[in-house]
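Engineer:
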Amino acid sequence: MKARHILIPSLLLALAGGAMAQTTAPAAATAGVPSNDPFVQKRQADADAKAEYKAQKKAAKADYKADKKAASKQLKQERKDSTAERNEQLATSPATKSDKTP
């Protein structure tokens, strides 16, 4: 008898939990229709603004990276040219005596 008293309520709870977990189909059908609720409209506007900001930020970051890469490339080329010019000047100039003691 005690087992029956425990088994029946637990069975009813399990069935009720299964029924609550099911979703209704009409709620999904109205997802594409804009809502008149001001909170939903604000949430949608905030989401749109956030997406626009992220897109602008991504574009700005890409521009920054491209500019930085170009500047780095230019700096490396200037350094290479300067080194080549210095080596050429050293090669054509006569060797100078340094203060080296034997």
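As numbered in mature numbering (1 follows the signal peptide of the UniProt record, and there is no 0), residues -21 to -1, 1 to 81 make up the sequence shown, in order.
For each residue, glycine too, the CB sits at the ideal point set by N, CA and C.
So what does DSSP say about Asp46, is it helix, strand or coil?
Structural biologist: In this structure, Asp46 counts as helix in the three-state DSSP scheme.
Engineer: Given this structure, state the Cα-to-Cα distance separating residue 100 from Ala34, to the nearest angstrom.
Structural biologist: Look at the range of the chain in this structure, -21 to 81, and you will see that residue 100 is not part of it.
Engineer: Would you kindly work out how many angstroms separate the C-alpha atoms of Ala41 and Gln56, rounded to a whole number?
Structural biologist: Cα-Cα distance, rounded: 23 angstroms.
Engineer: Have a look at Leu54 and Pro73 and give me their C-alpha separation to the nearest angstrom.
Structural biologist: So the two alpha carbons sit approximately 30 angstroms from each other.
Engineer: So what does DSSP say about Pro73, is it helix, strand or coil?
Structural biologist: Reduced to three states, the DSSP call for Pro73 is coil.
Engineer: Note down the Cα distance separating Leu(-9) from Ile(-16), rounded to an integer number of angstroms.
Structural biologist: If I take the Cα positions, the gap works out to 11 angstroms.
Engineer: Out of curiosity, what's the CA-to-CA distance linking Glu67 and Ala30?
Structural biologist: Using only the alpha carbons, I get a separation of about 55 angstroms.
Engineer: Using only the alpha-carbon positions, how far apart do Ala28 and Lys48 sit?
Structural biologist: For Ala28 and Lys48, the distance between alpha carbons rounds to 30 angstroms.
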